[in-house]
Amino acid sequence: MPRSEETRHVTEPEGVIAYPGHTADMDRAPRDEMREYVGRDLLAGRRALITGGDSGIGRAVAAAFAKEGADVAIAYLDEDDDARHTGSLVEAAGRRSVLLPGDLGDAQHCRDVVARTVEELGGLDILVNNVAYQNPTEDFTDISDEQWRRTFSVNIDSYFRVTKAALAHLPDGGAVVNTGSINGLRGNKTLIDYSATKGAILALTYSLAQSLADRRIRVNCVAPGPVWTPLIPATMDAEKTESFGEQTPFGRAAQPDEIAPSYVFFASGTMSSYYSGEVLAPIGGETLPG
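Heads up, the sequence shown stops at 290 in the UniProt record's numbering, and the numbers go up one at a time, no gaps.
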């Protein structure tokens, strides 16, 4: 599927590798294959849709879900090589994978990925909203209307649209897991539009958890600190890429395989049956007020 008309009018982020970022282009490969992870059938027979599932956190979550017994549909923009590799990880665990390329900034495509997931996997039990767009901008006044709209259309509008479509198929007792960010908790002066969407994701999580409580659909959020994924070198210059994560008490960015178990926890009714409207923030030792 081609990118939306809106996307073609947005200046792409400038990083040390081409946007949207491919794992093969990174000078340091992230740990995103969950090689050491051992599943316990926590998601046996479940069917999951993961947006932004081609690489980074999404890939690690897909691999972990498969090792826990789930079939996985992977929605992504156009990083076909990365998506195929993620699909192979799912299949290596003995589960089915479905690859769904296209622009999740497009409203119809959001509905289509849900329909395709249900068609290919026979249903949908778990939704992970994970897709993200960012374009670091030093001066707030340099954020164009087009960039602002693009950031919101991918980072929050897609969460609304995909979730709305998924609710026709999610069973009572299903799970929605949203990806937030530490930037939604404390802001970031060079990622103002991105941080605003991540704050909106928190409010969506809290409110939707209340709305769906009568159906026992649990809605939770994972809000990580810095995580080493292709999005980082694809949107940041060499200096910021090299020092990424050094500001944390741990002195480094997280690896995707350190974040993925949080998604397994929220997706599993065995592990988190009484959790809804919660935010889990793996942020490397940083302490936030409240």
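Even glycine gets a Cβ: it sits at the ideal position worked out from N, Cα and C.
So Ala-175 and Ile-126 are in contact, right, with Cβ under 8 Å, and what is the actual spacing, rounded?
-> Counted from its first residue, the sequence shown places residue 175 at position 175. Counted from its first residue, the sequence shown places residue 126 at position 126. Contact between Ala-175 and Ile-126 holds, with the beta-carbon distance rounding to 5 Å and staying under 8 Å.
Relative to the ligand FAD, is the shortest distance from any of its heavy atoms to the C-beta of Ala-209 smaller than 7 Å?
-> Ligands in the displayed structure: none, and consequently the ligand FAD is not present.
Report the rounded CA-to-CA distance for Met-1 versus Gly-102, giving the unit in angstroms.
-> On the sequence shown, position 1 is the one that residue 1 refers to. On the sequence shown, position 102 is the one that residue 102 refers to. For Met-1, the pLDDT reaches just 46, beneath the cut-off of 50, and the residue's location in the model is therefore unreliable, leaving the point undetermined.
For my contact list, Phe-266 and Val-177 are in at a C-beta cut-off of 8 Å; report their separation, rounded to the angstrom.
-> Taking the first residue of the sequence shown as 1, we reach residue 266 at position 266. Taking the first residue of the sequence shown as 1, we reach residue 177 at position 177. Contact check for Phe-266 and Val-177: beta-carbon distance about 5 Å, within the 8 Å limit, so the pair qualifies.
Expressed to the nearest angstrom, what Euclidean distance is found between the alpha-carbon atoms of Leu-170 and Ser-273?
-> As a first step, residue 170 is located in the sequence shown; it is residue number 170 there, counting from the start. As a first step, residue 273 is located in the sequence shown; it is residue number 273 there, counting from the start. Cα to Cα, the separation comes out at about 16 Å.
Distance between beta carbons of Ala-63 and residue 296, contact taken as under 8 Å = What the structure shows of the chain is the stretch from 1 to 290, and residue 296 is not part of that stretch, so it cannot be assessed.
Is the CB-CB distance between Gly-105 and Ser-181 below 8 Å?
-> Along the sequence shown, one-based indexing puts residue 105 at 105. Along the sequence shown, one-based indexing puts residue 181 at 181. Going by C-beta atoms, Gly-105 is not nearer than 8 Å to Ser-181.
How is the alpha helix (DSSP H) around Asn-220 delimited, first residue to last?
-> The count along the sequence shown starts at 1 and reaches residue 220 at position 220. Per DSSP, Asn-220 belongs to no alpha helix (DSSP H); it is in the beta strand (DSSP E), 218 to 222.
Alpha carbon of residue 307 to alpha carbon of Asp-193, nearest angstrom | One cannot answer for residue 307 here, as it falls past the ends of the chain, which runs 1 to 290.
Inter-residue spacing [alpha-carbon to alpha-carbon] between Thr-141 and Phe-160 | By one-based count along the sequence shown, residue 141 stands at place 141. By one-based count along the sequence shown, residue 160 stands at place 160. Computed Cα separation, rounded: 27 Å.
Taking C-alpha atoms, which residue in Ile-217, Met-34, Ile-283 lies nearest to Thr-248?
-> In the sequence shown, the residue the question calls residue 248 occupies position 248. Ranking Ile-217, Met-34, Ile-283 by Cα distance to Thr-248 puts Ile-283 first.
DSSP on Leu-204, reduced to helix/strand/coil?
-> Along the sequence shown, read from residue 1 onward, the residue named residue 204 stands at position 204. When DSSP states are grouped into helix, strand and coil, Leu-204 belongs to the helix group.
Where does the unbroken beta strand (DSSP E) through Ser-144 begin, and where does it stop?
-> As a first step, residue 144 is located in the sequence shown; it is residue number 144 there, counting from the start. Segment: none, Ser-144 is in no beta strand (DSSP E) and carries neither H nor E.
Three CB pairs or more closer than 8 Å across the region 223 to 236 and the region 11 to 21 | In this structure the region 223 to 236 touches the region 11 to 21; the number of beta carbon pairs closer than 8 Å is three or more.
Would you please state the rounded distance, in angstroms, between the beta carbons of Phe-250 and Gly-285? I believe it to be under 8 Å.
-> Here residue 250 corresponds to residue number 250 of the sequence shown, with the count starting at 1. Here residue 285 corresponds to residue number 285 of the sequence shown, with the count starting at 1. Right, the Cβ-Cβ distance comes to about 5 Å (below 8 Å), so this counts as a contact.
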